[in-house]
Each structure stands twice: as C-alpha cells, then as structure tokens.
Ligand code: SAH
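Numbering (the working numbering), first residue to last: 56 to 409.
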C-alpha cells in the first residue's frame, strides 16, 4: 500500500536536496549522500536495510519520511518480442506505464513524465486519453528504480523519455530525474545513454542546452512542413518548426551532440518525394540523424477526426523513403516496431481507467 500520510518523501530528491534536508533536521550533510546511495545505487527502499545509518536515525526516518511513490501493479510480456510493459499506480491512483525494449546490444527503458499528455498529437494514443497531471521527480525516478529491481539494474542500459507525456512541459522533473540517473554515485547511466524526446517546446530546448546536462535530444518531427505539422501536432502553432529548428541548432552546438529526428511514417502525408526533399534540407542544416518509425495503430482508442484517417506507410515504401534520404547523405535508422501486440509501442501508451 502506498502511504498517504504526511511523511516527507525522500525518493526523487537530488543529492543537494537530500543534503539540505539532513542539515535541516540537525544531521550531518553526509547522511544525504548515504541515503542517496542506498536508494539510487542499491535500490533499497526500506530504512531498516541501511546498515551504515544508526538505528536511532533509521527509526526517526521511518517515522517522518517515506521512500515510496509508485506501486507496480502489473507487468505484461509481449508474446512475440521480448518487450515488457510495467503498469504503475500513483498514490492518487493514477495509472502510468513504462516499457523495457530489449535490442541486440542494449535494453532501453521508456519512461513517462506525465499522466496522459496535453499536446493532442493526432497520431498518438496518449494524446487521445487527455491530460491529468505532471509526475513528480520521485514518480519518474521510481519507474527506473522499480523496473531495475525487477529486471536487474545492470540489465537496463538506456533510458528514453518517450513514454506518456511531454518531458519539456515537466521540465524541473525531467532535469532532476536525469541528474539522478546520471549521477556518479548511483553507478547508473552515462549522459549518452539518456535521451529526452520532445514534440518541440523551443524555449525549453534552449534552457536544457544551457543547463549543462548534455543528454541526447530527440525531436519528434514527423513533417518538415509547417502546415502539415500544424495539422497533426497542434503544439506547432505555438512553437513553429522554424523556431524549434533554431533552438535545436543551439542545442547541438552548445552540447556538441547530434539531434535525432523522429519521423513516424504516415501514408500520403509525410512519405512523398517532396518530403524527402524538405527533410534533406532540414537535416543538412544541423548535426542530426533520422529515426524513421513505422506508424503504430491507435485504432484501439476509436479515435475521431483526422486521427481516424491516419494510415501507415507500407514496409516497402518506408525502405524506399529511407534509401532516398541515404542517397542524399542523410543518416537514417528504421526503428523496428516492438511491443505493438501489447499496446506498448511508440504512441500506444494509454491507460483506459485514469
Ligand atoms: N512527447 C514526447 C515524448 C513521447 S512520444 C515527444 O513527442 O517526443 C515518443 C515518440 O513516439 C515520439 O516521436 C512520438 O511522436 C512517437 N509516436 C507517437 N505516436 C505514435 C504512433 N502511433 N506510432 C509511431 N510513433 C508514434
């Protein structure tokens, strides 16, 4: 059971925040480092296990602090691939999902940053379920910690912020969680193994560049034309592709990283020769590569409007499209669809009972 009392939740606090907390209760600063290490490195969520902390303090902490944010309520294995979906409940009984996607040389954990999503992208199931609230840093970190406990910490090699929600609209939480994942004391993941994905919140892309985390950035492009983006991604009306492209150039330059453009292939909408041309021009203007993603059906959501008419580009045409880009010297990866049989693939995360 998740505690609903007024205890202070330490999970999700960064190292400086933990140090500050211990100083505030009259304890030495190094206690912050100890608890940080127990939670995020040893995956210990029970004060009684923390042997280098005095018994007295452990009892005191148990009385006033909590280490629980999410409960793992169910897991689901894909019968056809090794993809595994984790369903979590929050203290206010919201449901969120994370997915582990095993590949040849890595296992990627895909985490959520919001309950639902406010962006309403027309091809995405999460958008169709609406938006409830931001997740807290503890709830984002816990998706990793609880999954790592089940799956083996050493077996999770990469984290992508590509689950439910828009990470850059929950900016502080995204930063704090990524700081925890990449902190040397957690013996976790290097910054090059963390990817934040955004639909395009230009000012926040710049802020992230200035922050110095230098994680990888993926940009959900889906069309190199403003009018098509306006149609399928309403956020483009607020932050245009032009404004985002300038922000992405800034990010690439400041962090010395390459931007990944995500490009979900929609029949007749973004798979034409003029799209190859526009995409080539855009990609040539900054250090980047393209991840082409087969469109995963969202029919299980019974969508209306334009969403009801979206169709996937055929497998053959996806390959032809990628080859045309490669002929123009663009780096292109075709992402294999994984987990669509358990509605765990890109854009399929949506929990029915919010
Ligand atoms: N809000 C963030 C992260 C979540 S989506 C973002 O927009 O980047 C993760 C990726 O899956 C995005 O590139 C998104 O556009 C893509 N996606 C969404 N729905 C999809 C679908 N039905 N099929 C394939 N990819 C989809």
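We put the CB at the ideal spot given by N, CA and C, even for glycine.
One alpha carbon belongs to residue 118, the other to residue 112, and they sit about 10 Å apart. Where residue 204 is concerned, the enclosing alpha helix (DSSP H) starts and stops at 192-206. Relative to the ligand SAH, residue 190 has its C-beta separated by 7 Å or more from all heavy atoms.
Using a Cβ distance threshold of 8 Å, residue 176 and residue 219 do not count as a contacting pair. Under the 8 Å Cβ criterion, the segment 272-282 counts as touching the segment 316-334, having at least three qualifying pairs.
Secondary structure at residue 69: coil, using DSSP grouped into helix, strand and coil.
Relative to the ligand SAH, residue 357 has its C-beta separated by 7 Å or more from all heavy atoms. Across the set 355, 145, 210 and 334, the C-alpha of 355 shows the shortest separation from the C-alpha of residue 181.
In this structure residue 85 does not touch residue 94 by the C-beta definition: roughly 15 Å separates them, more than the 8 Å allowed. Taking 8 Å as the cut-off, the beta carbon of residue 244 is found no closer than this to the beta carbon of residue 283. By the Cβ neighbour-count rule, residue 71 is exposed, with fewer than 16 other Cβ atoms within 10 Å of its own. Residue 221 counts as buried, since no fewer than 16 other beta carbons sit within 10 angstroms of its beta carbon. By alpha-carbon distance to residue 161, the top candidate from 148, 170 and 137 is 137. The C-alpha of residue 209 lies about 12 Å from the C-alpha of residue 163. Taking C-beta separations shorter than 7 Å and ignoring five residues to either side along the sequence, the partners of residue 290 in its chain run 174, 254 and 255, following chain order. The residue among 158, 157 and 142 with its C-alpha nearest the C-alpha of residue 167 is 142. By the CB criterion at 8 Å, residue 337 and residue 300 fall inside the cutoff. The shortest C-alpha to C-alpha distance from residue 371 to any of 389, 358 and 237 is the one to 389. Straight across, the Cα-Cα distance linking residue 362 with residue 123 is about 38 Å. In this structure, the alpha-carbon of residue 330 lies about 31 Å from that of residue 169. Residue 373 and residue 366 have their C-alpha atoms some 13 Å from each other. At least 8 Å separates the beta-carbon of residue 270 from that of residue 232. The criterion of a C-beta distance shorter than 8 Å is not satisfied by residue 296 and residue 201. With fewer than 16 neighbouring CB atoms inside 10 Å of its own CB, residue 240 falls in the exposed class. Looking only at 187, 294, 127 and 216, the smallest Cα-Cα distance to residue 204 is reached by 127.
Counting only unbroken stretches of 4 or more residues, no alpha helix (DSSP H) element lies wholly within the segment 233-260. Listed as beta-bridge partners of residue 171 by DSSP are 186. Check the Cα spacing between residue 264 and each of 102, 310, 207 and 165: the tightest is with 310.
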